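Just below is one structure, and these are the notes that go with it.
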Amino acid sequence: MPEHESAGALESPTHAVRDFLRRRREQIAQRWADEPLFRTVFTVSRDEAVEAGKLLVDALAQVADAERVEDPDAAGFTEVREQLARMGAARTRAGLSTTQVSAELAALTRPVENLLVADLEQEPSERLRACATTLSVLMGTLRLVAMQTALTEVQALIDRQRLQLLEVATPVIKLWDGIVAVPLIGTLDSARSQVVMETLLNAVVDQHARFAILDITGVPTVDSLVAQHLMKTVAAARLMGAECVVSGIRPAIAQTIVHLGLDLGTVKTRASLADALGYCLHELGANIVNAAPDGPGRR
Amino acid sequence: MNEDFARRVAGHVPVLRLGDVLLVTLQGDLHDSTAHQLQQDISETIVRSGVSGVVIDISGVEIVDSFLGRVLAEIAAQTELLAARTVLAGMRPAVAVTLVELGLTLPGLRTALTTEAALELLAQPVVSSRSGGRREESP
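Residue numbers (full-length UniProt numbering), protein chains in the order written: chain A, 1 to 299; chain B, 1 to 139.
In structure tokens:
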């Protein structure tokens with residue numbers, strides 16, 4: 001835009017910044033490539049870093065063009081979100097805290113500002129100040145977008161992992177024809193007990209199970225809420241025609257249950273999974289007997 | 001849709017006699033009037049034929065509410081009075097979860113996974129008392 005200087009007086013600071021960004025695209029990208037943020041993310045080649053920088057400058061120019069420097073949801077940012085997320089993720093993986101990443105993003109502002117000041121030297125100081133302000137607002141918004149993107153990524157990761165945990169933590173094991181078991185591991189909250197209940201009941205239908213064993217060896221503590229969840233599962237299984245046995249109650253937990261005055265009277269309990277299996281087999285009429293009279297003691 | 005039409009569409013639930021057992025199969029929604037008719041049919045048939053057990057197959061029921069829960073409990077209570085045992089068979093997992101969330105654990109009812117299992121259960125001799133509502137356990 002060669003005629004820019006003469007027409008500059010009529011332009012808004014935002015558009016002046018846009019023109020500046022487009023004009024100095026190459027230099028800004030080159031300077032950014034030397035900043036720690038780009039240098040550490042794009043380790044393979046400097047050209048790659050420069051290209052990424054150019055993309056970012058283009059996005060900023062687009063946002064300035066739309067006069068939406070304060071809006072993190074501006075259309076121009078959508079294209080660079082993925083790149084920002086990648087950069088943020090790379091820095092977080094390197095062990096930097098969110099604050100440090102934010103500081104590195106802030107460091108991008110200075111070279112651009114220096115360029116702007118050098119570029120608009122001839123302009124009146126008021127206009128220069130207005131442009132500088134607009135630019136810093138724009139860079140602030142960029143920082144916000146980057147942090148927002150990073151947080152969204154983290155949130156998505158947490159959600160994914162929570163879902164995985166739910167799936168992983170509740171396998172239903174077929175122990176025998178008509179006997180299924182669920183080894184519960186970790187704290188039982190409402191969401192998990194719901195999943196446990198559903199998977200168990202579906203397994204009861206699929207496997208034609210007459211007995212379901214809930215093994216709580218891996219449950220660290222049992223409070224009234226956990227007990228309530230257990231009772232619900234047991235009641236639901238009973239409604240479907242399967243008998244539920246709760247096993248793996250450790251001595252400490254047995255004491256806690258008694259201290260809390262929880263009534264597990266309607267629930268069949270056994271000390272260990274082996275005892276519970278033995279009980280179920282007995283009920284099914286499939287007793288296990290010792291082959292040798294003096295062999296090792298079996299249940 | 002008037003009452004008469006609704007009744008004709010819903011029909012009344014057939015109560016089948018299989019030897020010493022009555023078999024009732026519930027399908028879909030149960031209207032108030034149909035439920036009332038069913039309770040009456042079951043108790044009359046028990047008295048007339050002297051059966052010792054009732055199997056209610058609810059594998060065709062996908063939606064359950066507190067009304068149906070109460071009807072089932074009432075049927076169980078009245079057959080118990082007539083010296084017959086009631087077994088609820090084939091409840092779907094979703095229905096079981098709903099009933100438990102509603103707080104209707106139907107403590108007085110015997111349950112079985114399938115109609116076949118229910119018939120087996122009724123074929124076993126009576127061992128335990130009525131209380132507890134648990135599957136009959138061998139001593």
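Ideal placement from N, C-alpha and C gives every residue a C-beta, glycine not left out. Just so we're clear, the structure is a prediction, and the values are computed from it rather than from any experiment.
Just measuring C-alpha positions, the residue of A/142, A/112, A/149 sitting nearest residue 131 of chain A is A/112. Using a Cβ-Cβ cut-off of 7 Å, residue 236 of chain A is close to 96, 97, 100 of chain B, given in chain order. Distance from the Cα of residue 220 of chain A is smallest, within the candidate group A/238, A/209, A/184, for A/184. Residue range 21–27 is occupied by the beta strand (DSSP E) that includes residue 27 of chain B.
Judged by pairs of C-beta atoms under 8 Å, the stretch 140–160 of chain A touches the stretch 81–100 of chain A, as three or more such pairs exist.
In this structure, DSSP gives residue 211 of chain A an extended state, which the three-state scheme calls strand.
Across the structure, residue 26 of chain A and residue 194 of chain A are spaced so that their CA atoms are roughly 57 Å apart. Listed along chain B is no residue with a C-beta nearer than 7 Å to that of residue 87 of chain A; the closest approach is about 46 Å. A/68 is the residue among A/68, A/239, A/272 whose C-alpha sits nearest the C-alpha of residue 18 of chain A. The beta-bridge partner set that DSSP reports for residue 244 of chain A consists of A/212.
Between the stretch 127–142 of chain A and the stretch 45–54 of chain A there are fewer than three C-beta pairs closer than 8 Å, too few to call the two in contact. With respect to chain B, the C-beta atom of residue 204 of chain A has a partner C-beta closer than 8 Å. Bounds of any beta strand (DSSP E) do not take in residue 272 of chain A, whose DSSP letter is neither H nor E. With contacts defined by Cβ atoms closer than 8 Å, residue 93 of chain B and residue 201 of chain A form a contacting pair. For residue 184 of chain A, the secondary structure class from DSSP, reduced to helix, strand or coil, is strand.
Taking a C-beta cut-off of 7 Å against chain B, the contacting residues of the stretch 222–235 of chain A are 232, 235, listed in chain order.
Residue A/213 holds the alpha-carbon nearest to the alpha-carbon of residue 171 of chain A among A/137, A/161, A/213.
Taking residue 276 of chain A as the centre and dropping the five residues before and after it, the same chain places the C-beta of 213, 245, 247, 270 closer than 7 Å to its C-beta, in chain order. DSSP places residue 217 of chain A within a strand segment (E or B) once states are collapsed to three. Neighbourhood of residue 125 of chain B in chain A, by CB distance below 8 Å: empty, with the nearest CB roughly 15 Å away.
When C-alpha distances from residue 77 of chain B are compared across B/59, B/53, B/62, B/91, the shortest belongs to B/53.
Contact of residue 111 of chain B with chain A by beta-carbon distance below 7 Å involves 238, 239, 240, 241.
Every beta strand (DSSP E) stretch that sits fully inside the UniProt domain "STAS" (11–122) of chain B and reaches 3 residues is listed by chain position as 15–18, 21–27, 53–60, 85–89, 110–112. Residues of the stretch 61–92 of chain B whose Cβ lies closer than 9 Å to any Cβ of chain A, in chain order: 87, 88, 89, 90, 91, 92. Interface flag for residue 117 of chain B against chain A is set, since a Cβ pair is found closer than 8 Å.
Between residue 166 of chain A and chain B, the shortest Cβ-Cβ separation is not below 8 Å. Taking a contact as a CB-CB distance under 8 Å, the pair residue 64 of chain B and residue 34 of chain B does not count as one, their CB atoms being some 15 Å apart. Taken in chain order, the complete alpha helix (DSSP H) segments of 4 or more residues contained in the stretch 73–111 of chain A are 75–93, 98–106. Taking a Cβ-Cβ threshold of 9 Å, the residues of chain B close to residue 208 of chain A are 113, 114, 117, in chain order. The stretch 114–198 of chain A contains, as complete alpha helix (DSSP H) runs of 4+ residues, the segments 125–168 (chain order). Residue 38 of chain A sits in a helix when the DSSP states are folded into three classes.
The three-state reading of DSSP puts residue 45 of chain A in coil, since its state is none of H, G, I, E or B. Among the CB atoms of chain A, none fall inside 8 Å of the CB of residue 122 of chain B.
Three or more Cβ pairs closer than 8 Å define a contact, and the stretch 59–73 of chain B meets that threshold against the stretch 16–33 of chain B.
At least 8 Å separates the beta-carbon of residue 83 of chain B from that of residue 109 of chain B. For residue 125 of chain B, the secondary structure class from DSSP, reduced to helix, strand or coil, is coil.
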